[in-house]
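Q:
In this note's numbering, the protein residues as written are 12 to 682.
#1: Answer yes or no: do residue 207 and residue 169 have a C-beta to C-beta separation smaller than 8 Å?
#2: Let me know the secondary structure DSSP gives residue 692 once reduced to three states.
#3: In or out: residue 116 buried (at least 16 other Cβ within 10 Å) or exposed?
#4: Based on the DSSP secondary-structure assignment, which residues constitute the bridge partners of residue 204?
#5: Less than 7 Å between C-beta atoms, sequence neighbours within five positions excluded: which residues of the same chain meet that for residue 582?
#6: Which residues does DSSP list as the beta-bridge partners of residue 257?
#7: Is it buried or exposed, residue 230, if we count other Cβ atoms within 10 angstroms and call 16 or more buried?
#8: Let me make sure I understand the geometry here. Which of 122, 454, 57, 345 has the alpha-carbon closest to that of residue 389?
#9: Locate the alpha helix (DSSP H) running through residue 29, then write down its first and last residues.
#10: What residue does the beta strand (DSSP E) around residue 644 start on, and which one ends it?
#11: In this structure, what does DSSP give as the bridge partners for residue 392?
#12: Along the chain, where does the alpha helix (DSSP H) that runs through residue 68 open and close?
#13: Can you tell which of 655, 676, 659 has its C-alpha closest to the C-alpha of residue 640?
#14: In chain order, which continuous runs of the alpha helix (DSSP H) of length 4 or greater are located wholly inside the region 314 to 384?
#15: Helix, strand or coil: which one does DSSP assign to residue 94?
#16: Closest to residue 404 by CA distance: which of 415, 384, 414, 394 is it?
#17: Find out if the Cβ-Cβ distance for the pair residue 137, residue 75 is shorter than 8 Å.
#18: What beta strand (DSSP E) runs, 3 residues minimum, are completely inside the region 521 to 584?
#19: Near residue 13, what residues of its chain come up, given a Cβ to Cβ distance below 8 Å and the 5 sequence neighbours on each side ignored?
#20: Hey, could you find the ends of the beta strand (DSSP E) residue 605 is sitting in?
#21: Less than 8 Å between the C-beta atoms of residue 374 and residue 511, yes or no?
#22: Since residue 104 and residue 35 should fall inside the 8 Å C-beta cutoff, what is the C-beta to C-beta distance between them, to a whole number of angstroms?
#23: Hey, quick one: how far does the alpha helix (DSSP H) through residue 627 stretch, first residue to last?
#24: Which whole-angstrom value is the C-beta distance of residue 223 and residue 251, which I expect to be below 8 Å?
#25: Is the beta carbon of residue 521 less than 8 Å from the beta carbon of residue 529?
#26: Find out if the Cβ-Cβ distance for the pair residue 381, residue 364 is shorter than 8 Å.
#27: Do residue 580 and residue 539 have their CB atoms nearer than 8 Å?
#28: Hey, quick one: how far does the alpha helix (DSSP H) through residue 175 stretch, first residue to last?
#29: If we count Cβ pairs, one from each stretch, closer than 8 Å, do we get three or more for the region 38 to 53 versus the region 328 to 340?
#30: Residue 174 and residue 130: beta carbons closer than 8 Å?
#31: Taking the beta carbon of residue 657 as the centre, do at least 16 other beta carbons fall within 10 Å, making it buried, or is it exposed?
#32: With C-beta atoms as the reference, is residue 125 less than 8 Å away from residue 113?
#33: Return yes when at least one heavy atom of the ligand FAD lies under 7 Å from the C-beta of residue 589, else no.
#34: Provide the residue(s) that pair with residue 166 in DSSP beta bridges, ordered along the chain.
#35: Please classify residue 182: is it buried, with 16 or more other beta-carbons within 10 angstroms of its beta-carbon, or exposed?
#36: Check each candidate in 56, 69, 128 and name the one with the smallest Cα separation from residue 83.
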């Protein structure tokens with residue numbers, strides 16, 4: 012770093028770019044970038060190991076902006092340190108198609124590791140990344156070859172601290188001893204509603220010490236040398252994650268708005284910006300940064316040197332441990348092992364031979380028993396429901412702070428934290444993570460599921476106890492709206508398998524999918540093995556397929572019954588009774604409506620032909636099924652909450668009987 016440019020001048024450049032971009036956009040949050048500018052300069056110029064010329068270098072430290080509304084802080088630092096983020100990109104802050112969106116988005120801006128904005132999820136993702144680093148290091152590092160060795164730094168603010176998810180994930184970070192996780196807390200005492208004393212009086216130091224963290228501070232967050240020293244102290248910690256409490260002033264540098272809620276989420280205005288320029292000694296017009304500042308902050312030469320050293324070390328690692336190196340490269344690339352398809356086909360053949368009548372949650376576990384041994388990257392878990400979700404498999408060890416080779420995580424009762432940590436693991440790479448809870452508790456985790464879909468990451472969410480079929484636990488645990496609600500999330504594939512065959516295909520599809528998450532929804536109760544016409548895994552993988560054709564053939568179909576999950580059994584029974592009455596009925600199983608909707612029109616027409624009466628059956632809300640009725644049809648579903656009673660009583664109470672379904676089909680044909 013050049014001695015000709017002071018760190019305070021660098022911080023002034025960050026403040027100026029941040030307030031100017033927000034002003035030009037007439038939208039954004041200048042307060043946090045101006046308040047944390049000194050902290051960012053200390054981290055990026057003195058500690059962060061990164062290479063702007065190769066933002067995906069595996070040896071890099073990870074930086075996460077959990078208080079993502081302050082995105083201009085990150086964009087300013089990325090621009091000034093040499094990433095492919097131009098001044099025109101800065102000028103286009105928050106504009107359509109820009110590389111500088113309102114909140115950081117992974118895959119949009121080089122150097123952004125995760126999408127943040129919903130407060131608390133960034134720190135959760137950071138915990139997941141730090142855990143993934145520690146696990147991969149335990150598996151692949153050898154003496155003299157720390158091929159996985161990076162820190163995870165995260166900025167977070169008062170809002171992140173208030174969100175309940177921060178309690179969930181920071182508690183786990185302490186349990187796991189994630190000593191390479193360093194969080195810098197922007198303790199400015201201001202949120203949108205003003206001074207936080209009236210609604211946030213936690214003793215943050217004691218809170219994090221109780222979690223098992225190393226806590227430094229409070230320090231002066233505007234003293235770059237103090238931040239530098241605190242970071243060095245944090246990096247020396249060998250046992251615990253570290254929280255550095257940084258006392259700051261929101262909007263630092265603004266003469267009239269610093270320290271007030273007015274600095275948080277709106278442009279400062281031309282007059283205040285002019286006054287701020289004078290106050291911080293910034294004598295340059297908007298969007299102009301002197302060349303000497305760029306030269307002083309340019310991280311590319313050091314980044315190239317660091318990556319060069321890493322690559323030389325990895326080359327020696329490859330010579331010493333060729334199989335380990337090849338396996339690590341495969342897993343980081345997200346490529347499945349050779350022969351995985353063969354393992355899937357063997358599992359399907361075994362399931363077809365056994366034809367078991369079991370709960371699909373058990374069928375899911377059987378699928379894991381078959382697939383997991385071939386997938387060392389598979390990493391499971393559950394929110395204190397392992398014995399109910401059945402997310403473990405034969406021979407798997409539990410992950411603990413002293414066994415980072417375990418491949419099943421007991422997250423405790425932390426559905427939201429679990430899901431967001433899992434997203435961080437998926438973002439880091441090297442693992443295909445999944446986790447489980449009851450379907451009704453997907454509500455707790457929903458925003459993390461949405462973020463996985465938005466980020467297009469391979470994150471798998473397992474949900475069991477999927478309907479009134481769970482019985483006596485009653486309406487608090489009986490999912491009614493949840494499957495439909497999950498289907499409303501763009502880019503999320505929601506699977507509801509009917510039997511062991513569909514469960515294996517669902518797992519294989521979720522594992523193979525690289526452009527988004529999947530939700531696998533399973534039953535508590537036993538369901539009959541589907542007596543389908545043939546086992547065509549490719550057809551099942553298209554989301555909706557003909558499970559049983561009309562006895563007289565495709566040209567004679569009078570009605571189609573389409574069903575999912577446990578209700579496919581009811582559809583097959585209904586078809587049998589109608590066949591006895593010489594009514595030609597096709598049964599379509601639709602384990603994944605999302606994938607079916609992506610099929611070409613020819614496939615959709617071959618499965619659900621226009622002009623044919625359609626009866627849809629699913630033990631949940633009916634609204635989304637009407638698009639499949641093709642102008643003539645009905646739905647057997649539930650549009651109210653459940654009841655507490657034995658499952659057999661509930662199925663009859665809510666009208667899921669063969670007799671009612673037969674009457675529905677006959678009524679459609681009589682119209």
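Beta carbons are placed, not taken as given, at the ideal position from N, Cα and C, and that holds for glycine.
A: With the given structure in hand:
#1: Using a Cβ distance threshold of 8 Å, residue 207 and residue 169 count as a contacting pair.
#2: In the structure as shown, the chain begins at 12 and stops at 682. Residue 692 is therefore absent and cannot be evaluated.
#3: Flag for residue 116 reads buried.
#4: Answer is none; residue 204 lacks a bridge partner.
#5: Closer than 7 Å at Cβ, skipping near neighbours: 572, 574, 598, 628.
#6: 197, 230, per the DSSP bridge assignment.
#7: Classification of residue 230: buried, given that the 10 Å Cβ count is 16 or more.
#8: Scanning 122, 454, 57, 345 for the CA closest to the CA of residue 389 turns up 345.
#9: Counting along the chain, the alpha helix (DSSP H) containing residue 29 begins and ends at 18 to 36.
#10: Residues 644 to 647.
#11: Residue pairing from DSSP places residue 392 in a beta bridge opposite 420.
#12: First-last for residue 68: undefined, no H or E at that position.
#13: Comparing Cα-Cα distances from residue 640 to each of 655, 676, 659, the minimum goes to 676.
#14: With a minimum length of 4 residues, the continuous alpha helix (DSSP H) runs that stay inside the region 314 to 384 are 333 to 344, 351 to 365, 371 to 382.
#15: Correct three-state label for residue 94: coil.
#16: For the residues 415, 384, 414, 394, the minimum Cα distance to residue 404 belongs to 384.
#17: A Cβ-Cβ contact shorter than 8 Å links residue 137 with residue 75.
#18: The qualifying runs are 529 to 532, 556 to 559, 570 to 574.
#19: Note that residue 13 scores a pLDDT of 43, beneath 50, so its modelled location is shaky; the value from the coordinates is reported in the next line. Apart from sequence neighbours up to five positions away, the residues of its chain that approach residue 13 with a beta-carbon distance below 8 Å are 303, 306, 307, ordered along the chain.
#20: Taken as a continuous stretch (DSSP letters only), residue 605 belongs to no beta strand (DSSP E), being part of the alpha helix (DSSP H) at 604 to 608.
#21: Cβ distance < 8 Å, so residue 374 and residue 511 count as in contact.
#22: With a Cβ gap of about 7 Å, residue 104 and residue 35 count as contacting.
#23: Going by DSSP, residue 627 is part of no alpha helix (DSSP H) but of the beta strand (DSSP E) stretching over 624 to 628.
#24: Between the beta-carbon of residue 223 and that of residue 251 there is about 6 Å, and that keeps the pair under the 8 Å contact cut.
#25: Their beta carbons are under 8 Å apart, which means residue 521 touches residue 529 by this criterion.
#26: No, the Cβ-Cβ distance between residue 381 and residue 364 is not below 8 Å.
#27: Yes; because the gap between Cβ atoms is below 8 Å, this pair is in contact.
#28: Element bounds for residue 175: 175 to 187.
#29: Flag = no, the region 38 to 53 and the region 328 to 340 do not touch.
#30: Yes, Cβ-Cβ distance for residue 174 and residue 130 is below 8 Å.
#31: Under this definition residue 657 is an exposed residue.
#32: Taking 8 Å as the Cβ cut-off, residue 125 and residue 113 do not qualify as a contacting pair.
#33: For the structure depicted, the ligand FAD is absent and the ligand set is empty, with no information on it obtainable.
#34: Residue 166 is bridged by DSSP to 76, 195.
#35: The residue is buried, with at least 16 neighbouring Cβ atoms inside 10 Å.
#36: The alpha carbon of residue 83 has as its nearest neighbour, out of 56, 69, 128, the alpha carbon of 128.
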